[in-house]
Structures are given as C-alpha cells and as structure tokens.
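In the order they appear, the protein sequences are chains A and B. Here the first sequence is numbered in our numbering, starting from 32 and rising by one per residue. Here the second sequence is numbered in our numbering, starting from 844 and rising by one per residue. The structure appears below as structure tokens.
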Amino acid sequence: MRNTQRIRWLLAVVGFLWFMPSVPAQTPALYTKWENFTTANGMPDAKVFSVAVDGERVWAGTENGLVLIENSKVSKVFTTADGLPNRVVTGIAVDQKTGDVWLSTFGGLSQFSGGKFQNYTSMTTGLANDIVYGVAIQDDFVWAATTAGINRLNTRTGEWSIFSEKTAPMHEPWSYGIAVGEQKVYVAVWGGGVLEYDIAGGYWKPYNDPDGEMELVLFKNQGLIHDIVSGVSYNHDTKMFWASTYFGMSGYNGHNWFNYLSTDSGLASDFVNATQTRGDDVWACTDKGLSYLNFKTNTWVTYRPNKGTGKGEIVITAPDKKLTKIETPTSLAHNYVLNLAFQGEDIWVATAAGLSHGIHESHKEGKSHEQARASR
Amino acid sequence: MKSASTALGRRNSRSPSVLAAIVVAFVLSPAWTGNAQVDSSGSAAQPNYLTPIAAKFSPDGVMLFVACEDDDSVLAVDVRLQRVVKKTKVGHKPKDLAVSPDGKTLYVSNEWSDTVSVIDTTTFQVRKTLATGWGPRGLTTDRLGRILYVANSIGNDVSVIDSATGTELKRLTALRSPHYVQLSRDGRRVYVSNILAHLGSPDDSPVSELMVIDSQKQTVAERILIPGVLELRHIAEAPGPQGGYLLVPFMRPKNLNPLIQVDNGWILTHGVAIVRPAKTAAGIASHSEVTQILLDDIDRYYAGADGAAFTPDGRYALITHAEAATVSVIDTKLLWQRLRSVPAVDLPDRLDTARQIVVHRLPTQSNPTDVVVSPDGRSAYVVNRLDDSLTVLNIPQFKIRTQIDLGGAKEISDLRQGERLFHDSKFCFQGQFACSTCHPDNHIDGVAWNLETPQLGRDRVANRTLRNIAETAPYKWNGHNPDLETQCGPRIAKFLFHSEGFNSVQLADLVAFIKSIPISSNRHLSFDGQLTAAQERGRDIFFRKACDTCHPPATHYTSKTSFDVGTASKYDTSGLLDVPQLDRIYEKPPYLHNGEARSLEEIWTLYNPTDKHGVTSDMSKEQLNDLVEFLKTL
C-alpha cells in the first residue's frame, strides 16, 4: 500500500470515529425496533400483566383474557367463555416438559392443556385463595403465589401444600411472584421480603430488610433493599436472585447484595414491578420505563416512549454516570412496564397499554446475549 | 335364544355330576393339586382362572399375546397351532399389552403393581420391570419404539417413558380413569380414552374426553370432548385411503331421566364415537369432528361396547359387547352412507342405525373385552375374559371358526358364576345393561342417577363403588337395603332391570362375587405405612373433630347407619342418608349422595353451610388441606 493510500485510509477511520454518535465504549445490545400489540391490533385489553414465551409462541395475560401471539399476530384470545377462570391473567408459566401452560388469575389457578382449561379454585381444591399473582413450575410441582400464602401442588399426587404466616417465616401471606432456582424456590412477599425454599431440605429462609423497620435498607448493600417485594427472578447463569420492590431493586449472589436506586444508578424508577435476568443482563420493569443493567459493566439502558414526539427514547447511563440519549422511531407501548420475557435475542414486554416486542437487529446493536454468554 | 355359554356346555359347580367327578379325581390322584390354589391361611382359594383381558399380535402375525389379569401372566398363542405355546408371570393384575415395532419386546401393564413388565419375545422372559404412575393400563410405543406411553388409571395421567433406559420422562395430565391407548397409524399421535367423564354438575349430561398426544413433542395436542357419553373404551383407527377416522365404543346414559321410565330408549344406549381428528396438532382449539352412532336395536340392546378393530382394508369394523357376549360387525361403506343420510345431531338418539350398518351379530363366550384382527386380515380373535378362551372368526365370512382354550380352570365356581352374572346384560329388560355397565371395574361410573322415583330429577343419587363393601351394610344411600341380597335381588329386578331378575341360586352367586370384590393398595400411603406430616396433622383433625363418630375406623369408616348431615337438597325426599365407607375415597369423586361435590374439599367448602357435616367452618384452609391428605390415606 502506498503512503498516500495509507494516509487516506487512516483519515477515514479517524473521521468516522470522530463523527460517530457518542455512545459508551461498552454499549450493550440496544433495541431500536419495536412492534406493539394493542387493542388496535387485536389485544382484548390495554393492560398486559404477564408474558411468557413458548418457542415460537408468545402468551400474554391481560386484564381481559389470555392472548396467544403467533407469527407476529394475535392468533387467539381466550376469555372466560372459553373456560378461563377469570378475565384477569396475572402470571403465566409454561411447563417445558409437558407443554401445558399454567396461569395465575384473579379467579384461581388454571392449567391450559390440549386446548382446554382445567381450573383450580379455593372452593374445589387446596388452593389457598383465588387471587393468584404468580405461578412457576418446579419439576412436577406447580407453585402459586396467592393473597393467602404460597401454594404448592404436587401434580403426581394431587397434594396441595400451603405456606403462609402460620407455616413459614412470613408475617404477611400476600405473595406476588415466584421463581425457581437451583434446588431453591424464591417467593416475593408483599411486606415480607423474599422467601427462599430449600427443595431438598423442605425449609424456608427469609431475606428481609435488615433493619426490620419496613424502611429502606440503611446502608447501600447491607441486605434486601425493601420488604415490599413485587417480584423475584433467578439467574441460572450467575446463580443470583433478583428482587423488584416498590423502593428499588436488589440482587443477591449468596454472599453479597447489590442494591440499586434511581438516585444512584440508571434505574428509571424505584417503583419496580418485576425483574427478569439472564447472563449479565438484568431487566427492571418500572413505572417509568424499562431499565436494563449490564451487571458486568454496570452500564444502564432505559427504554421509554417519548410522549411529546411519539418516538422512542433510549437513555444510556455509563458507569461514570455519563448519559447518552438516542431517539428511535418506534418504542414501547407505554412507560408503565409490568413484566418481560425473552425469546432468543428478542424481548417481549408487558405494559399498561399493550404488549411490546423488542426486535433484536444484530447489525445495529452490540454484543448479543448468546455472544456474551459464549465469551464469558 | 340359547346363551352361547350354555350351548358350549358350561358346567356349574353345583352340578352333582361335576362334584362327583372332582371328588373322584381327587381321591384317585394323591398328588393332585388341580388348578386350585391354597392361600397362606390354608383355606381353599379360587380355581386358577386366567381371565384374559387384552390381546396384541406380533408384527409378523404369528404370535398373539394375551394378558391374563387373574393369573398375573401373559400367554403367547401360536396362531398357526391355535394353542398357547408360552407363558410368563408378570406383575399384579396385568391389563394391557404393547409390542415394540421390531417385535422383539412385549410390554405389559400391571395395574396393581404400578409397573410395566418388559418381556423379551424370543425367550419370553421378563427382561426388566419399569415403574409407572398409579394403576397402569393401556400402553403403546411410538413408531420407533423409543417412547412408551402408559395410561395410569388411578393417577389419572399418562407416563411418558424412555423405553431404552426405562426412565419416566414426564407425566401428562389425563382426565379420569384413562384406560386405553392407541398410536395413530401415521405415528404422529397417541390417543388416550378415559372411562369416566368430566366432573361437572349433576344437572348436566356427562362429557367424556379423548386425549391426543403429539408423539413428536410428547405433549398434549388436543382434548376432544365427546358429549353425553361415558366409558370410552378401545380406540381403533380406520386404515387405508378412506380411513383416518377413529371408532371409540361408549355407553350413553340418560341418567337424568327417571329410571322407571322405559320408553324413549329408556336410560342406556351403547355405541361408538366416530372421531375425525384435526389435520394439524396445533395444541389449541379442537377441530376434530365427533359423531355418535348407536349399535343397539330398537328392541334389543348390546351392552358393554368395548373392543374395537378394523379389518386391514378398512371395510369392516368389529366391536365387542362385553356384557352381551356378542361381536357386531359394521360395514363401513354402510356406515358412511348412514352418516351422509342422517344429520349428525340426530344420530346419537337413533335406534335404527344398527340395522342399517351392522351386518353380523356373532355370539362369543362370556365377557368379550377385546378383539384383534390378524395382520393378514383373515381372522379376528375375540378375548373372552370370563371364559379363559379366544373366539376365532373367519374374515370376511364372519363365521366362528373355533374356540381356543387358554388353559384356565374348567370348573365354574360360585364366585366365577357370580362374576359372569355381574357382567351379563341378559337379565335386564331387552338386555339394556348389566351390573358392570354402571360399575365398570366393579367401581363407579361417576354420575348421579334418578333411580326410583318417577319425578324427573328427584332423589338423584351418585353411583357407589362395589369394592370392599361386604362389611358395610346397609346399602343404598337411604340405607333401606339391609343386605346385598335385597339390593341385588328384588330391588334390582323391580327398579333397575324391569325383569324377573336373578333366581335364588344366581343371586347367591352374584352376592358372593360382589362381597369378594377386593380393593387395591392405597397409593397415598408410603410403603412403610408412615404418615407424612400433613397426613398426621389431618389425622389429628379427623379425630379432634370427631369425624370417627360417623366414620369409625374399625368398620371401614362407616357407622353403618344414617344421619342427616345437611346435604339434602330440595330435590331429596329425606335428609337421612347412609354413611358411606371411606376406603380409597380418593378414587371415588364425585362425593355426597347426589354427586354434587366434585372434590373432597367441596364437601366442606360448598356443602356444609350449617356445620352439620362436622364443625368445619372454623377450620383454616391449611387444616382442610391436611384433613383431605389424611382422608386419602384411608
């Protein structure tokens, strides 16, 4: 290569770097393309409480029925007329072994199998209460979070167990969410912190705000950030559980706590409805947008629609707190986010105004989850 | 018409000549042990009956394997020799069989052992035994023989087993009492039929379910509802280009009509569901079409529709009527003409269908529960459960070629005779039903019946089990029958059979049989009998709440008297009701006299508003769950 050519090439590279958008060096995957499912295109209700992915299928629990999305379309809406026990579907868990879909509703627990609903209520079965907020599958057991405690159904024997303030270390029975970990089951208890059930030992271990005063933890990473826990998730890659509270978000790896507030991190709001995690990715569903934390780099990204422009807004918070804003032509259906599910590299987000599909476009975005996982 | 069993010279043990022959044989042969078994207590047990219940052909059509439930054995019948050539012992109460696609392995479900015996068909030895769910019955492999599907009749689920390792991969939820399993001809689906229907309101007709499993994913693809029927039995899929549909025998009850009403088809009909499966197994809404036809004639009924098979060309379908000792042969060309000419909505109640489509009614021996057609399509083999024999039919002439004696005891004991009577519909007006029609497997049919009052809907009562009831007199929900002789004699004759009923000898045999009906082991108890913590807590509640006042443990948890526990509805004449026994109560939903309670929980959550059925309103949900867990151990 001649020197002049070398110089031109070098100037071109320097020029590109000089004029390229100012984004942090360790940019996580960004979702710049969003596809929304709302009442305008088939959803039975604006409010989507829950979402779950089952291969190519996406299930969404709304305030007015269960929705099945296939091939980027609402293919079926199930209502109480189809056998759903209640119109409000708060949680969804797909049993990967049997293919059955379990639903928590405001009218009991339901098993969707072979196109039919089998319902379990407190009158007919051992379910503690018909207001069920969360459901999870652990081998042959179905766990349900109800307002009267935690239920466990042994699907082989039909035995129902109830764990409440009478039988577990919880002063409040009102349970919100359940996550299955490594030989452990975690439960989010409103006002009761996080409960950890040891499957082999059959005992509970509570995680509470260490000062016990129903207030924010006094020191940043002293313990669970708050006892009013709205949801819990388990990261099988990092062996951590994450708790969403209405006063911040906590992660725990068995030794150390990692607490986040909107004032000291890129978290969009302290009012966190749910968390979902995998690999280095931690997602927080808040009332002011969907926040993402790359746990390894401490880089934050928040997604929310811009009410003024109708476009999307991405705010990147670098570890040094430097902010970068990116405008996107599409965005979440609403900034009030209730839950999230992964579908490969895509994400599905339940919001107060519809279900949003974040489409991964690898040529525009940073390192994918799978790539990150492979390089770990 | 002379009964088939009489025509073939069935002998009764009370015959003096038979008794004399037995005595002579015993005296002349010091080493004689006959076919009788002696139990550990030293008392003479029953003759060694085989009680064949199911049969399957080897892929080459040379061997016919037969499961014998009372002998805990499997037989291999060489169809060229027309005799049993091999036998091996398996687990307790073998009920069904499956042959691997390569023909090298035979799987046998052992209902009371909760196992499947894996038999090498070359050596005819049990190679290994696989654990299953509770009460395994119907089973099949997938097309490659890699996955074994087993219907668990007591667990109400289907075990999915890796046939190479024997590992149970998962269990799929079935409905109630799944008994029969069939792999589709294209290998894509596994069908499972349930004996009992959905638990619903006693005011509604029953709705049964045929479960469809996607054999690629081993997940439930579809649940096909079949309204108005009970006791879905064997599943046969029509072969050939005109095939693709299923025949599933059923019983169609009119249980909401007063039983004393004899006109308009009376209360029971028998037929088959014709199911045309969905083209795709999408796993959501069912697209299968279901039609029902009756196989009864207008003045003669064919109870106990059970076995089902097609000829290889799909031209004929054979259905056994286990309680009428008959095989019906359906010409499928005529069947389709019938389906095209009569609206589907009318067919389930039309009693003129059979004469249009049934081209042969062939007599069999007692209780034909299964039929298989040889791969060459030249013969059909009918399994005569209570005759220890096979009836062989020529195809397409549909003539009885021969009987194959499978080798069981020849003398007919009182109990055996009673069991035959129990399964024989000829004592009922027009042969409409037998005792076993409403008590499949000596148990329940899961619905409530309007038995003895002429008013529609009054005094409707749920069917009660016949297992282990010898010491639980009096009988009936109102406790008016002091003994089984009353129950099974004049009462059945007058109110149920509308016939002369059984004579005194027959009645004695029948009652002896019913009193001998055993009960299987309790699946909710651990092997060592130790209660779990929840069961122990429940036991404490049971006695603290004085449940044992009416349900004392010493007498099968029944005080054998009547109480008013506040469960009578406005349709009941009296609230005074017999206290039911609680043995294996988990196998008996629905509960209460009218079948209103779909679960044990509902007895107290919905139907004990005034605390007359025990003071339970002060119980927490946790305590109620514990009580239920204890009740399941009884």
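From the three backbone atoms N, C-alpha and C, an ideal C-beta is built for every residue, glycine too. Since the model is a prediction, treat every value here as computed from it, not as a measurement.
Strictly below 9 Å CB to CB, what residues from chain A border residue i?
{"i": "B:Leu1449", "result": "Met154 and Thr155"}
{"i": "B:His1286", "result": "Those do not exist, as B:His1286 stays about 18 Å from chain A at its closest Cβ, beyond 9 Å."}
Using the beta-carbon of each residue, which ones in chain B are nearer than 8 Å to residue i?
{"i": "A:Arg183", "result": "By Cβ distance, chain B contributes nothing, its closest Cβ being about 11 Å from A:Arg183, past 8 Å."}
{"i": "A:Lys104", "result": "Within 8 Å Cβ-Cβ: nothing; A:Lys104 doesn't reach chain B, min ~14 Å."}
{"i": "A:Ala179", "result": "Lys1464"}
{"i": "A:Gln374", "result": "Chain B residues near A:Gln374: none, gap ~18 Å exceeds 8 Å."}
{"i": "A:Gln142", "result": "Thr1016"}
{"i": "A:Thr198", "result": "Glu1465"}
Might you give, ordered along the chain, the residues of its own chain that have their beta carbon closer than 6 Å to the beta carbon of residue i, omitting 5 neighbours on each side?
{"i": "A:Asp76", "result": "Thr93, Glu94 and Asn95"}
{"i": "A:Gly157", "result": "Trp191"}
{"i": "B:Lys929", "result": "Ala919 and Phe967"}
{"i": "B:Trp1320", "result": "Val1304, Leu1420, Asp1421 and His1436"}
{"i": "A:Trp379", "result": "Val82, Val89, Ala372 and His388"}
{"i": "A:Tyr228", "result": "Val216 and Trp235"}
{"i": "B:Gly1261", "result": "Asp1352, Leu1353, Ala1355 and Phe1356"}
{"i": "A:Ala383", "result": "Lys78, His365 and Tyr367"}
{"i": "A:Asn102", "result": "none"}
Have a look at residue i and residue j and give me their C-alpha separation to the nearest angstrom.
{"i": "A:Val211", "j": "A:Leu298", "result": "25 Å"}
{"i": "B:Val1172", "j": "B:Pro1211", "result": "14 Å"}
{"i": "B:Phe1356", "j": "B:Thr948", "result": "36 Å"}
{"i": "A:Glu392", "j": "A:Tyr62", "result": "7 Å"}
{"i": "B:Leu1177", "j": "B:Thr1280", "result": "28 Å"}
{"i": "B:Leu1053", "j": "B:Ile1067", "result": "5 Å"}
{"i": "A:Trp205", "j": "A:Ala305", "result": "16 Å"}
{"i": "A:Tyr164", "j": "A:Tyr265", "result": "17 Å"}
{"i": "A:Ile193", "j": "A:Gly243", "result": "25 Å"}
{"i": "A:Asn185", "j": "B:Gly998", "result": "12 Å"}
{"i": "A:Lys342", "j": "B:Pro979", "result": "60 Å"}
{"i": "A:Lys147", "j": "A:Val218", "result": "28 Å"}
{"i": "A:Thr121", "j": "B:Pro1297", "result": "49 Å"}
{"i": "A:Thr361", "j": "A:Ala274", "result": "29 Å"}
{"i": "B:Asp903", "j": "B:Ala941", "result": "14 Å"}
{"i": "B:Thr1308", "j": "B:Glu1132", "result": "34 Å"}
{"i": "B:Ser884", "j": "B:Val922", "result": "For B:Ser884, the predicted structure reports a pLDDT of 38, less than 50, and the residue's modelled location is therefore unreliable. The matter cannot be settled from this model."}
{"i": "B:Phe1270", "j": "B:Asn1346", "result": "10 Å"}
{"i": "A:Ser322", "j": "A:Glu66", "result": "18 Å"}
{"i": "B:Ile1287", "j": "B:Trp977", "result": "18 Å"}
Let me check one thing: in DSSP terms, what residues is residue i bridge-paired to?
{"i": "A:Phe250", "result": "Partner(s): none; A:Phe250 has no beta bridge."}
{"i": "B:Met1094", "result": "B:Leu1073 and B:His1113"}
{"i": "A:Tyr323", "result": "A:Trp314 and A:Val332"}
{"i": "A:Trp379", "result": "A:Ala372 and A:His388"}
{"i": "B:Cys911", "result": "B:Pro895 and B:Ser916"}
{"i": "B:Thr983", "result": "B:Tyr992"}
{"i": "A:Pro237", "result": "A:Leu226"}
{"i": "A:Met280", "result": "A:Ser275 and A:Tyr291"}
Quick one: list the residues of chain A neighbouring residue i, beta-carbon separation under 8 Å, in chain order.
{"i": "B:Arg1014", "result": "Thr129, Asp171, Thr186 and Arg187"}
{"i": "B:Ala1377", "result": "Glu190 and Ser192"}
{"i": "B:Val909", "result": "Neighbours of B:Val909 on chain A: none; closest Cβ ~31 Å, over 8 Å."}
{"i": "B:Arg1066", "result": "Ser144, Gly145, Gly146 and Lys147"}
For residue i, collect the residues of the same chain with a Cβ closer than 7 Å to its Cβ; drop the 5 residues on either side in sequence, then sort them by chain order.
{"i": "B:Tyr1482", "result": "The structure shown does not extend to residue 1482 of chain B, since chain B spans only 844 to 1477, so no value can be given for it."}
{"i": "B:Met1462", "result": "none"}
{"i": "B:Ile1200", "result": "Ile1173, Asp1174, Leu1177, Leu1178 and Arg1181"}
{"i": "B:Leu1477", "result": "Tyr1400, Leu1425, Asp1426 and Ile1428"}
{"i": "B:Cys1278", "result": "Phe1265"}
What residues of chain B sit near residue i, judged by a beta carbon separation below 7 Å?
{"i": "A:Thr159", "result": "Note that residue 159 of chain A corresponds to Ala in the displayed sequence, not to Thr. Within 7 Å Cβ-Cβ: Lys1464."}
Hey, residue i and residue j are a contact pair by Cβ (cut 8 Å); roughly how many whole angstroms apart?
{"i": "B:Pro1452", "j": "B:Arg1441", "result": "17 Å between Cβ atoms; not a contact."}
{"i": "B:Val1216", "j": "B:Pro1155", "result": "7 Å"}
By the criterion of Cβ-Cβ separation under 7 Å, what are the contact partners of residue i in chain A?
{"i": "B:Val1471", "result": "Gly157"}
{"i": "B:Met1054", "result": "Gly145"}
Please determine whether the Cβ atom of residue i lies at a distance below 6 Å from any heavy atom of the ligand ZN.
{"i": "A:His365", "result": "Ligands displayed in this structure: none; no statement on the ligand ZN is therefore possible."}
Leaving out five residues on either side along the sequence, give the residues of the same chain with a beta carbon under 8 Å from the beta carbon of residue i.
{"i": "B:Val1063", "result": "Leu1015, Thr1016, Met1054, Val1055, Ile1056, Asp1057 and Gly1126"}
{"i": "B:Leu1299", "result": "Leu1099, Asn1100, Pro1101 and Asn1293"}
Give the interface partners of residue i over in chain B, defined as CB-CB distance under 9 Å, in chain order.
{"i": "A:Ser195", "result": "Ser1463, Lys1464 and Glu1465"}
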